[in-house]
Amino acid sequence: MAFDKKPSTWLGAGYVADDSGHTITFNTADAASNKLLAELTDAEADETTGDVRKLVFAVMEALHAAWAAQAAADRPTKLTIYKSSSVSGSTITNTYTVVTVNDITAQDVADEPD
Numbered sequence: 002m003a004f005d006k007k008p009s010t011w012l013g014a015g016y017v018a019d020d021s022g023h024t025i026t027f028n029t030a031d032a033a034s035n036k037l038l039a040e041l042t043d044a045e046a047d048e049t050t051g052d053v054r055k056l057v058f059a060v061m062e063a064l065h066a067a068w069a070a071q072a073a074a075d076r077p078t079k080l081t082i083y084k085s086s087s088v089s090g091s092t093i094t095n096t097y098t099v100v101t102v103n104d105i106t107a108q109d110v111a112d113e114p115d
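In terms of this note's numbering, the sequence shown is numbered consecutively and its last residue is 115.
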């Protein structure tokens, strides 16, 4: 196979985009199905009472899991997502590194080779 850039290929049915409303929806752990952000509840995602740290963690976990689930031959060459973890006592520190190769004239992700 080859790299497939469609978000639905990577994120599945738990991801929905509405270009008429300019919104992107991610299903949380409270969704009936397609729990894309399994680390996040609806309450934690609430725009006024939620916790942005939990939102960032859940999004990074989902993106890294989607990256890791792709066969090496199907991953893009202009985007990589790395995760490393270390344990100290009763805590785990996760470090996520996202690398993009950008077209300098447009400040956009560069095209993949054909």
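Glycine included, every Cβ here is placed at the ideal spot set by N, Cα and C.
- In the three-state reduction of the DSSP assignment, THR10 falls in the helix class, which pools H, G and I.
- Cβ contact annotation for LEU41 (same chain, cutoff 7 Å, sequence separation greater than five): THR29, ALA30, LYS55, LEU56 and ALA59, in chain order.
- In this structure, the CA atom of VAL100 is about 6 Å from the CA atom of LEU80.
- Under DSSP, no beta-bridge partner is assigned to VAL53.
- Distance from the CA atom of PRO8 to the CA atom of THR78, rounded to whole angstroms, is 16 Å.
- Exclusion of the five residues before and after LEU64 leaves ILE82 as the residues of its chain whose Cβ lies within less than 7 Å of its Cβ.
- Under the 10 Å beta carbon count, GLU48 is surrounded by fewer than 16 other beta carbons and is classified as exposed.
- Listed in chain order, the non-local C-beta contacts of ALA39 below 7 Å within the same chain comprise ALA30, local neighbours out to five positions each way being set aside.
- CA-to-CA, the gap between ASP104 and ASP112 works out to about 8 Å.
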